[in-house]
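Numbering (the numbering used here), first residue to last: 17 to 302.
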């Protein structure tokens, strides 16, 4: 794992590798990694399928595959045991998103608690997730110097240490301006979203904030998390006329196929939009 860290893998990637690979090693009774065969991996996947759902199996398998391929590239294995293994395709599962009424309820719940310093901070966090579609790691990494109120942009550090620029609207611009004034520049950290003592919020603290506001909004049938708000931003972007290639850049996806799931999710809204804007129906009606 130290070698992976030196090679530039993020802390979250290392955690995922560890959570995926350690159960494999335990299952194989601490057998040396260089002795693991394709048959061993198939046995582990079959065992894993009895313990967790197919989506989790797929996530764990991707991590294991990446780990063994990295070992092979580093010359630590003469052959990767994963290349001979074919796994069943997991049925596509669309992510959780909030509908319009739920978005309104969440924002109102946050606004109703915005009378305190922490409450206003949390209100701004909700609006930033909804208007910018950030990952939680990206939001916690934003500094006061990354905010450009004149041009309405945030500079964020995404996956793989890839920097990108995202945009925000007029309402969030006003709220961010007020937050920067409330936050004060005398704090020990330059993190945009921090504690009263100036420490950057952790990803768990941010998740707890969003979850708590979701409960306050009495949201039903949906898991309220930072990633739910990111999914909601992406789906709303497509429904409101945005194109997938622009969305790909805003979300920081390296592969357009990852972004296309939101196009499928917004299918109903797109059909309705086409029904209203059909050139043939409009120009040749009657």
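Think of the CB as a built atom: it goes at the ideal place given N, C-alpha and C, for glycine as much as any other residue. Being a predicted model, the structure only gives us computed values, none of them experimental.
Leaving out five residues on either side along the sequence, give the residues of the same chain with a beta carbon under 6 Å from the beta carbon of residue i.
| i | result |
| --- | --- |
| residue 176 | none |
| residue 23 | Note on residue 23: pLDDT 48, under 50, position unreliable in the model; the coordinate value appears next. Same-chain partners within the cutoff: there are none. |
| residue 277 | none |
| residue 88 | 96 |
| residue 76 | 36 |
| residue 187 | none |
Taking residue i as part of the alpha helix (DSSP H), name the residues at either end of that continuous run.
| i | result |
| --- | --- |
| residue 152 | 152-157 |
| residue 142 | 133-148 |
| residue 224 | 219-232 |
| residue 254 | 242-255 |
| residue 85 | 70-89 |
| residue 275 | 272-281 |
| residue 119 | 116-128 |
| residue 265 | 260-267 |
By Cβ distance, which residues of its chain are closer than 8 Å to residue i, with the 5 residues on each side in sequence left out?
| i | result |
| --- | --- |
| residue 47 | 41, 56 |
| residue 203 | 210, 213, 214 |
| residue 50 | 92, 93 |
| residue 138 | 126, 129, 130, 225, 229 |
When the distance is taken between beta carbons, is residue j closer than 7 Å to residue i?
| i | j | result |
| --- | --- | --- |
| residue 97 | residue 52 | yes |
| residue 151 | residue 217 | no |
| residue 263 | residue 253 | yes |
| residue 334 | residue 149 | Past the boundaries of the shown model lies residue 334; the chain is included only from 17 to 302, so the question cannot be answered. |
| residue 251 | residue 281 | yes |
| residue 168 | residue 184 | yes |
| residue 3 | residue 130 | A query on residue 3 cannot be resolved here, the shown segment of the chain reaching from 17 to 302 and no further. |
| residue 172 | residue 206 | no |
| residue 143 | residue 191 | yes |
| residue 158 | residue 208 | yes |
| residue 71 | residue 65 | no |
The beta strand (DSSP E) spanning residue i covers which residue range?
| i | result |
| --- | --- |
| residue 58 | Residue 58 -> not in any beta strand (DSSP E); alpha helix (DSSP H) instead, spanning 54-65. |
Which same chain residues end up closer than 7 Å to residue i when comparing Cβ atoms and leaving out the 5 residues on each side of it in sequence?
| i | result |
| --- | --- |
| residue 18 | Confidence in residue 18 is poor, its pLDDT being 44 and thus under 50, which makes the residue's placement unreliable; the coordinate value appears in the next sentence. If we look at residue 18 and ignore the five residues flanking it on each side, it has no Cβ neighbours. |
| residue 270 | none |
| residue 193 | 165 |
| residue 100 | 54 |
| residue 241 | 223, 226, 227 |
| residue 94 | none |
| residue 85 | 96, 98 |
| residue 119 | 146, 248 |
Looking only at C-alpha atoms, which of the options sits nearest to residue i?
| i | options | result |
| --- | --- | --- |
| residue 63 | 275, 86, 43, 188 | 43 |
| residue 180 | 162, 197, 117, 190 | 162 |
| residue 238 | 112, 146, 80 | 112 |
| residue 236 | 61, 117, 95 | 117 |
| residue 265 | 125, 178, 196, 234 | 178 |
| residue 125 | 230, 205, 45 | 230 |
| residue 147 | 153, 189, 159 | 189 |
| residue 279 | 295, 259, 267 | 259 |
| residue 199 | 134, 267, 91 | 134 |
| residue 232 | 65, 170, 121, 274 | 121 |
| residue 153 | 300, 273, 60, 268 | 268 |
With a threshold of 6 Å (Cβ to nearest heavy atom), would residue i be considered close to the ligand MG?
| i | result |
| --- | --- |
| residue 50 | For the ligand MG, the structure offers nothing, since it holds no ligand at all. |
inquiry  = Extract the residue ranges of the alpha helix (DSSP H) inside the segment 168-200, only unbroken runs of 4 or more that lie entirely within it.
reply    = Listed in chain order, the complete alpha helix (DSSP H) runs (minimum 4 residues) inside the segment 168-200 are 186-199.
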